[in-house]
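Student: Numbering (the UniProt record's numbering), first residue to last: 1 to 221.
Every residue, glycine too, gets a C-beta built ideally from N, C-alpha and C.
Sharing a structure here in structure tokens format.
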Amino acid sequence: MRINVLQHTPNEGPGSIATWAELHGHALFTYHPYQFGQLPTAVETDMLIILGGPMSPNDDLPWIKAERVLIQDLLARDVPMFGACYGAQQITKALGYPVSKAPTKEVGWVPVYRQSSVIPNLPDNLNVLHWHEEMFEIPTEATWLFASAAVRNQGFVLNHRVVGLQFHVEPRQNNVREMVVNDFPYIKGSVLNQTAEDILRVTVSGKNERALFAILDYIIE
């Protein structure tokens with residue numbers, strides 16, 4: 001399987017997604033459209049991963065619009081897709097739903113709570129990394145998957161093929177360090193009131209990787 005990854009900032013890479021791909025013998029191709037302007041074609045995409053980034057789907061940039069055209073084409077082809085943070089927002093925007101300011105800015109570690117059992121082997125809650133101040137709407141045709149105490153719309157699953165998460169479940173410990181040391185000014189103003197040092201002290205739970213693997217296994221079934 002060819003897995004095409006859309007990465008939108010140097011410090012938010014595929015993390016444990018790359019581990020899952022390697023374990024299954026899949027080929028991972030990483031694109032950086034914000035820098036090089038290149039995107040894969042739909043016909044060469046067996047699975048699409050859309051990662052987070054500092055931009056908004058509402059930004060008027062040609063490459064952001066081109067991503068949504070690709071997403072729409074893959075939705076029509078029933079190709080598996082996983083979106084994290086901005087990536088999940090791009091999926092819902094491609095489906096015609098708005099992306100807007102969240103009720104509050106979430107940056108740091110806080111639990112999310114499972115709202116559906118449609119995906120097997122997901123725990124009732126996960127302590128995950130948040131790095132956002134916008135949110136998607138849950139598409140009416142999708143199933144609500146996760147919520148946090150501050151932001152209701154934290155995850156959805158659509159047609160057994162598409163999962164979008166507002167939070168980050170893919171980072172490994174070194175990925176968290178990379179996010180914090182490069183983007184620590186963004187922490188200011190978060191309702192979670194965590195410092196960079198607070199965020200770095202948290203150990204990434206193995207539950208997060210297991211949940212990610214369960215999601216990725218599910219969408220390719």
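Less than 8 Å separating the beta-carbons of Met1 and His32?
Tutor: The sequence position of residue 1 within the sequence shown is 1, counting from 1. The sequence position of residue 32 within the sequence shown is 32, counting from 1. No; because the gap between Cβ atoms is not below 8 Å, this pair is not in contact.
Student: Whether or not the stretch 184 to 199 and the stretch 28 to 45 are in contact is what I'm after, with contact meaning three or more pairs of Cβ atoms, one per stretch, closer than 8 Å; do they touch?
Tutor: No, because fewer than three Cβ pairs between the stretch 28 to 45 and the stretch 184 to 199 fall closer than 8 Å, the two stretches do not touch.
Student: When the Cα of Asn182 is compared with those of Leu70, Tyr218, Thr9 and Glu106, which residue comes out closest?
Tutor: Position 182 of the sequence shown, counting from 1, holds the residue named residue 182. Minimum Cα distance to Asn182 is reached at Thr9.
Student: Would you list, in sequence order, the uninterrupted alpha helix (DSSP H) runs of no fewer than 4 residues that lie entirely inside the UniProt domain "Glutamine amidotransferase" (42 to 178)?
Tutor: 62 to 77 and 86 to 94, all fully within the UniProt domain "Glutamine amidotransferase" (42 to 178).
Student: For a quick check, are the C-beta atoms of Val112 and Phe167 less than 8 Å apart?
Tutor: Along the sequence shown, read from residue 1 onward, the residue named residue 112 stands at position 112. Along the sequence shown, read from residue 1 onward, the residue named residue 167 stands at position 167. Their beta carbons are under 8 Å apart, which means Val112 touches Phe167 by this criterion.
Student: Looking at the structure shown, is Ala4 part of a helix, part of a strand, or coil, going by DSSP?
Tutor: Locating residue 4 in the sequence shown gives position 4, counting from the first residue. Before going further, note that residue 4 is Asn rather than Ala in the sequence given. Three-state DSSP puts Asn4 in a strand.
Student: Nearest CA to the CA of Gly52: which residue from Met179, Ala211 and Ile71?
Tutor: On the sequence shown, residue 52 is found 52 positions in, with the first residue counted as 1. Of the listed residues, the one whose Cα sits closest to Gly52 is Met179.
Student: For Leu212, does the three-state DSSP call read helix, strand or coil?
Tutor: Taking the first residue of the sequence shown as 1, we reach residue 212 at position 212. Correct three-state label for Leu212: helix.
Student: Would you check if the distance between the CB atom of Val157 and the CB atom of Val163 is smaller than 8 Å?
Tutor: For the purposes of this step, residue 157 is taken as residue 157 along the sequence shown, with counting starting at 1. For the purposes of this step, residue 163 is taken as residue 163 along the sequence shown, with counting starting at 1. Against a cut-off of 8 Å, the Cβ pair of Val163 and Val157 comes out as a contact.
Student: For Ile199, which residues from the same chain have a beta carbon less than 6 Å from its beta carbon, with the 5 sequence-adjacent residues on both sides left out?
Tutor: To locate residue 199, count along the sequence shown from 1; it is residue 199. Correct list, in chain order: Gly108 and Val180.
Student: Go to Leu23, then tell me how far its alpha helix (DSSP H) extends in each direction, as first and last residue.
Tutor: Residue numbering aside, residue 23 sits at position 23 when the sequence shown is read from its first letter. Residues Ser16 to His24.
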